[in-house]
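Below is one structure, written out as structure tokens, with a few remarks after it.
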Amino acid sequence: MQNVVEVVIIGAGAAGMMCAATAGQKGRSVVLIDHATKLAEKIRISGGGRCNFTNLNTLAGCYQSENPHFVKSALKQYSQFDFIKMVESHGLGYHEKTLGQLFCDQGSQAIIDMLKAEVDLGGAIWRMDTAIISIQKTEAGFEVVTSRETWLCSSLVVACGGLSIPPIGATGLGFEIAKQFDIPLMPLAPALVPLTFQPQDLWADLAGVAIEDTIVKCGHTEFREAILLTHKGVSGPAILQISSYWRSGDALEIDLVPDVDFDAFWAAANRDALITTALAEILPKRLVHAWLAAWGEIKPLKQYSPKERAAIADSFHCWRIIPSGSVGYKKAEVTRGGVDTQALSSKTMESRQVAGLFFVGEVVDVTGWLGGYNFQWAWSSGYVAGLNC
Ligand code: FDA
Numbered sequence: 285m286q287n288v289v290e291v292v293i294i295g296a297g298a299a300g301m302m303c304a305a306t307a308g309q310k311g312r313s314v315v316l317i318d319h320a321t322k323l324a325e326k327i328r329i330s331g332g333g334r335c336n337f338t339n340l341n342t343l344a345g346c347y348q349s350e351n352p353h354f355v356k357s358a359l360k361q362y363s364q365f366d367f368i369k370m371v372e373s374h375g376l377g378y379h380e381k382t383l384g385q386l387f388c389d390q391g392s393q394a395i396i397d398m399l400k401a402e403v404d405l406g407g408a409i410w411r412m413d414t415a416i417i418s419i420q421k422t423e424a425g426f427e428v429v430t431s432r433e434t435w436l437c438s439s440l441v442v443a444c445g446g447l448s449i450p451p452i453g454a455t456g457l458g459f460e461i462a463k464q465f466d467i468p469l470m471p472l473a474p475a476l477v478p479l480t481f482q483p484q485d486l487w488a489d490l491a492g493v494a495i496e497d498t499i500v501k502c503g504h505t506e507f508r509e510a511i512l513l514t515h516k517g518v519s520g521p522a523i524l525q526i527s528s529y530w531r532s533g534d535a536l537e538i539d540l541v542p543d544v545d546f547d548a549f550w551a552a553a554n555r556d557a558l559i560t561t562a563l564a565e566i567l568p569k570r571l572v573h574a575w576l577a578a579w580g581e582i583k584p585l586k587q588y589s590p591k592e593r594a595a596i597a598d599s600f601h602c603w604r605i606i607p608s609g610s611v612g613y614k615k616a617e618v619t620r621g622g623v624d625t626q627a628l629s630s631k632t633m634e635s636r637q638v639a640g641l642f643f644v645g646e647v648v649d650v651t652g653w654l655g656g657y658n659f660q661w662a663w664s665s666g667y668v669a670g671l672n673c
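End of the sequence shown sits at 673 in the numbering used here; the numbers just go up one at a time, nothing left out.
This is the structure we're talking about:
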């Protein structure tokens with residue numbers, strides 16, 4: 285059986301729901317198709333169940349893309365403050381945790397319910413648990429064959445996200461659709477992801493040790509946040525952030541004690557105590573012991589020469605490491621790369637070469653920092669496509 289709507293949206297995640305709500309409330313007939321049985325699992329698990337739904341400091345500079353200007357138009361048309369207004373209009377509370385990151389007081393399910401209510405307000409038809417069988421271009425638009433029925437539409441919005449966390453529904457369908465229509469893709473890679481170490485660099489016995497304030501640098505990019513040692517390498521917000529910029533073979537430089545002036549620190553420390561006792565004031569004890577053991581016998585501070593102390597200080601200020609890789613899509617928060625922004629209008633997210641075909645959210649070559657930026661991109665890009673599809 286063939287059904288006719290104006291807009292078919294594939295993917296009922298963050299960007300797809302925002303697009304369906306916007307297009308539907310504008311009066312367009314919309315069907316929202318998703319192969320998952322449960323709605324918006326990524327929103328549900330986000331922010332540790334509290335959904336870090338946007339960031340107060342959202343700016344174009346917080347996104348990585350081959351064209352760093354691409355995000356500007358969508359972010360301007362639908363900003364973090366627009367989304368905050370929607371959250372407030374549904375009576376939801378929120379709080380800033382750190383660095384402008386806003387979390388929902390009522391938890392992620394409340395954000396899903398809010399978006400669902402907005403989609404319902406626009407009258408979109410829901411088709412969950414529905415697989416896409418094929419997509420064809422027709423004279424008037426597109427034919428989308430699904431496991432339930434066939435839809436004819438004038439606009440097709442691809443909102444099926446990236447490759448991260450396959451067990452909750454991620455597939456490469458969005459990238460396959462781009463390829464089908466000869467739309468170029470930027471190379472894909474896991475991003476916002478823990479990094480792994482070469483065996484000789486592993487500190488597996490230190491797994492679980494967190495260092496609260498570090499600067500992690502890769503090339504010219506650096507982030508100042510916590511890191512966490514793991515069984516396989518290193519994680520924590522500063523590492524997730526830098527992972528989006530890290531390329532195979534690049535070295536990371538980690539300052540484990542950015543604010544410590546070691547000349548003053550050694551001068552104020554008890555010279556008769558073990559050096560580890562002094563250092564345990566500024567770094568986790570387990571780390572200090574393992575680190576100093578690598579320098580030989582652990583001695584009282586006074587038995588280290590100024591040269592040795594300077595070398596130890598340098599080692600904490602500049603821990604240089606070449607990761608072996610990342611833990612991959614099973615743990616990555618997002619996928620870097622995707623539909624080449626050159627192929628899309630930044631104002632509408634419509635393909636420049638295939639009229640009526642739109643790409644929104646993570647499937648596009650736009651990767652935000654950790655901290656609510658990726659959802660903001662989903663809301664902004666979904667909104668502008670919804671206005672124009
Ligand atoms: P999204 O993944 O949300 O939706 C895609 C939809 O398409 C899914 O419903 C999927 O089932 C469907 N789909 C996929 N393949 C399909 C197919 N073949 N057929 C039909 N449907 C298909 N960001 C942030 O800003 N703040 C945060 O707190 C977090 N936290 C977070 C935690 C974890 C663990 C992860 C993995 C990710 C985050 N993120 C985040 C990132 C954020 O979840 C992500 O950027 C957005 O969900 C992207 O929105 P999209 O709508 O593009 O994809």
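Each residue gets a CB set at the ideal place from its N, CA and C atoms; glycine is no exception.
By DSSP's assignment, H379 forms a beta bridge with F387.
Distance from the CA atom of G425 to the CA atom of V288, rounded to whole angstroms, is 11 Å. DSSP places K501 inside the beta strand (DSSP E), whose first and last residues are 494-502. Classified as exposed, C602 has fewer than 16 neighbouring CB atoms from the shown chains inside 10 Å of its CB. Around the C-beta of I495, 16 or more other C-beta atoms lie within 10 Å, and the residue is accordingly described as buried. Taking Y347 as reference, the option from V668, F643, W661 with the minimal CA-CA separation is W661.
Distance from the CA of V650 to the CA of A454, rounded to the nearest whole angstrom, comes to 17 Å.
Within the same chain, Cβ atoms closer than 6 Å to the Cβ of L512 are found at A494, S519, G520, the five residues on either side in sequence being excluded.
G655 places its beta carbon less than 7 Å from that of Q385. Secondary structure of I526 (DSSP, three-state): helix.
Counting only unbroken stretches of 3 or more residues, the beta strand (DSSP E) elements lying wholly within the segment 286-327 are 286-288, 291-294, 314-317, in sequence order. Exposed is the label assigned to S373, since fewer than 16 other Cβ atoms lie within 10 Å of its Cβ.
Relative to the ligand FDA, the beta carbon of E646 is positioned inside 6 Å of a heavy atom. Residue pairing by DSSP puts K421 in a beta bridge opposite F426. In this structure I417 is exposed. Its beta-carbon is surrounded by fewer than 16 other beta-carbon atoms within 10 angstroms.
Taking each of F367, N341, D404 in turn and checking the Cα distance to Q309, the smallest one comes out for D404.
In this structure, the CA atom of E402 is about 5 Å from the CA atom of A305. When C-alpha distances from N336 are compared across A296, G456, H379, the shortest belongs to H379.
Counting every other CB atom within 10 Å of its CB across the protein chains shown gives G666 a total of 16 or more, marking it as buried.
The beta-bridge partner set that DSSP reports for P584 consists of L558. Taken atom to atom, the span from the alpha-carbon of G331 to that of S392 is near 8 Å. Bounds of any alpha helix (DSSP H) do not take in S519; it lies within the beta strand (DSSP E) bounded by 517-519. Set against 6 Å, the gap from the CB of K400 to the closest heavy atom of the ligand FDA is not smaller. In the structure shown, Q660 adopts helical secondary structure according to DSSP, grouped into three states.
Secondary structure in the segment 431-481: the alpha helix (DSSP H) runs of 4 residues or longer, each lying completely within the stretch, are 457-464 in chain order. In the DSSP assignment, the residues bridged to E537 are K501, R604. The C-beta separation of T619 from P474 comes to about 7 Å, placing the pair in contact by the 8 Å criterion.
C-alpha of A594 to C-alpha of G621: approximately 42 Å in a straight line.
By the C-beta density criterion, K369 is exposed, having fewer than 16 other C-beta atoms within 10 angstroms. Within 10 angstroms of the beta-carbon of K614 lie fewer than 16 other beta-carbons, which makes it exposed.
By the criterion of a C-beta distance shorter than 6 Å, I409 is surrounded in its chain by V315, once the five residues flanking it on both sides are discounted.
For S357, the closest C-alpha among the options D539, T625, T338 is that of T625. In chain order, V292, F426, L641 place their CB closer than 6 Å to the CB of L440, counting only its own chain and leaving out the 5 sequence neighbours on each side. When beta bridges are read from the DSSP output, Q348 appears opposite T651. For L490, the CB contacts under 7 Å within the same chain, skipping 5 residues up- and downstream, are L513, R570, L571, A574 in chain order. Minimum Cα-Cα distance from A557 among the listed residues L540, S528, E290, Y588 corresponds to Y588.
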